[in-house]
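Q: What follows is a structure written as structure tokens; I'll ask about it next.
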Amino acid sequence: MPNFEPIVGRYFTIYVEGQPCRIYVEEAGDGIPLVCLHTAGSDARQYRHLLCDETITKNFRVIAFDMPWHGKSNPPPGFRDNEYRLTTELYKETVMTFCRAYDLVNPVIMGCSMGGRLTLHLALEQAEYFRSVIALEGADKLEPYYDLSWLHRPDVHGGEVCAAFVSAQIAPQSPDEYRWETLWHYMQGGPGIFKGDLYFYWHDGDFDDRSPRINTKNCPVYLLSGEYDSSCTPERTIDTAERITGAKTTIMEGMGHFPMSENPELFKKFIYPILEEILGA
């Protein structure tokens, strides 16, 4: 028999803004639900190393799903008539609808990049629902630093330019195998999807005026940033932590913007202690 991985994948439909969205989700393990949100322009394959890690899955039910328009999840019907643009309200509704449709009780939520930003919104607005939030490369205030128009043009290969834009955000010492696996996910993204995600990430998702209201006693917040991240820099993560009383911050040496996929073995050294703390609490 083949040596199958422990990941189970399946589809189901949720309704977001009144429209049916066929969602693809993968999970592994038992215990405390741990919902994982992928980065802008990519999909939940980024979390395959966590899904296959018995140290994590013996105590956590790891759940990673593709947002609508991403990976194996479908866009809503009639998508050809609309430009994809991820807003804060749409993002929050999608994640909460998924969690409730999946019948999750008191889960932990972990997101990276745009997913990390989103977890901070949820820490404030859904503190009674989530056990804790883990924001990977997710600050409450960011500044755009490149021209988004390049990400969706008829004269430019969309997948290759998306991968090129994020390639410098991977730490130089990350293993080459995982560097290119991370970039391959970006090469496969749908047309205009990365650009549409960045509307939330660069513009609509700023949260610095409200993040000081997060009560970390009700919902503990963990902030992690790679030292080589040029998008959500360590400085922006530290600034965010200073606005959120009680937030616990880790600057991950030797890591870039995609810790769970670009260097999974190194990432485990940073995430294991956090998960152990959550488990103990």
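Heads up: the sequence shown runs through residues 1 to 281, numbered per the numbering used here. For every residue, glycine included, the Cβ atom is placed at its ideal position computed from N, Cα and C. In this text, all values refer to a predicted model and were calculated from it rather than measured experimentally.
1. With 16 as the cutoff for other CB atoms within 10 Å, does Asp147 come out buried or exposed?
2. Quick check on Lys217: buried or exposed, where buried means 16 or more other Cβ atoms within 10 Å of its Cβ?
3. Can the beta-carbon of Pro75 be found closer than 9 Å to that of Cys36?
4. Identify, in the order they occur along the chain, each residue of the same chain with its Cβ nearer than 6 Å to the Cβ of Asn106, setting aside the five sequence neighbours on each side.
5. Roughly how many angstroms separate the alpha carbons of Leu51 and Glu27, rounded to a whole number?
6. Thinking just about the alpha-carbon of each residue, which of Gly71, Ser73, Arg213, Tyr47 is nearest to the one in Arg61?
7. Is Phe98 near Ile14, with beta carbons less than 9 Å apart?
8. On the DSSP bridge list, what partners appear for Lys248?
9. Based on the DSSP output, what are the partners of Val16 in its beta bridges?
10. Could you tell me the distance, in whole angstroms, from the CA atom of Ala171 to the CA atom of Gly254?
11. With a cut-off of 8 Å on the beta carbons, I'd call Gly189 and Gly41 a contact; round off their distance for me.
12. What residues in its chain sit with their C-beta under 8 Å from that of Met187, if we drop five residues either side in the sequence?
13. Quick one: what's got a C-beta closer than 8 Å to Trp69's C-beta in the same chain, skipping five residues either side?
14. Beta-carbon within less than 8 Å of Phe4's beta-carbon, same chain only, minus the 5 sequence neighbours each way: which residues are those?
15. Looking only at C-alpha atoms, which of Phe207, Arg153, Glu93 sits nearest to Leu124?
16. Alpha helix (DSSP H) containing Pro33: first to last residue?
17. Please go through the stretch 152-195 and give each complete alpha helix (DSSP H) segment of 4 or more residues, from N-terminal end onward.
18. State the DSSP-derived secondary structure class of Val95, mapped to helix, strand or coil.
19. Among residues of its own chain, excluding the 5 on either side of Asp239, which ones have a beta-carbon nearer than 6 Å to its beta-carbon?
20. Which residue marks the beginning of the alpha helix (DSSP H) containing Ile109, and which one marks its end?
21. How should Gln19 be labelled, buried or exposed, when 16 other C-beta atoms within 10 angstroms of its C-beta is the threshold for buried?
22. Among Glu262, Val221, His257, Leu118, which residue has its Cα nearest to the Cα of Tyr199?
23. In the DSSP assignment, the beta strand (DSSP E) including Ile63 goes from what residue to what residue?
24. Give the straight-line distance between the Cα atoms of His152 and Val166, rounded to the nearest whole angstrom.
25. From the DSSP output, which residues share a beta bridge with Tyr11?
26. I need the straight-line Cα distance from Val221 to Leu120, nearest angstrom please.
27. Comparing C-alpha positions only, which one of Ser174, Ile251, Ile109 sits nearest to Ile32?
A: With the structure as the only source:
1. exposed
2. exposed
3. no
4. Arg131
5. 7 Å
6. Tyr47
7. yes
8. Tyr222
9. Gln19
10. 6 Å
11. 5 Å
12. Gly159, Glu160, Cys162, Ala163
13. Pro75, Phe79, Tyr84, Gly190, Ile193, Gly196
14. none
15. Phe207
16. Not the alpha helix (DSSP H): Pro33 falls in the beta strand (DSSP E), residues 32-37.
17. 158-167, 176-187
18. helix
19. none
20. That residue, Ile109, is in no alpha helix (DSSP H); its beta strand (DSSP E) goes 108-112.
21. exposed
22. Leu118
23. 60-65
24. 15 Å
25. Tyr24
26. 8 Å
27. Ile109
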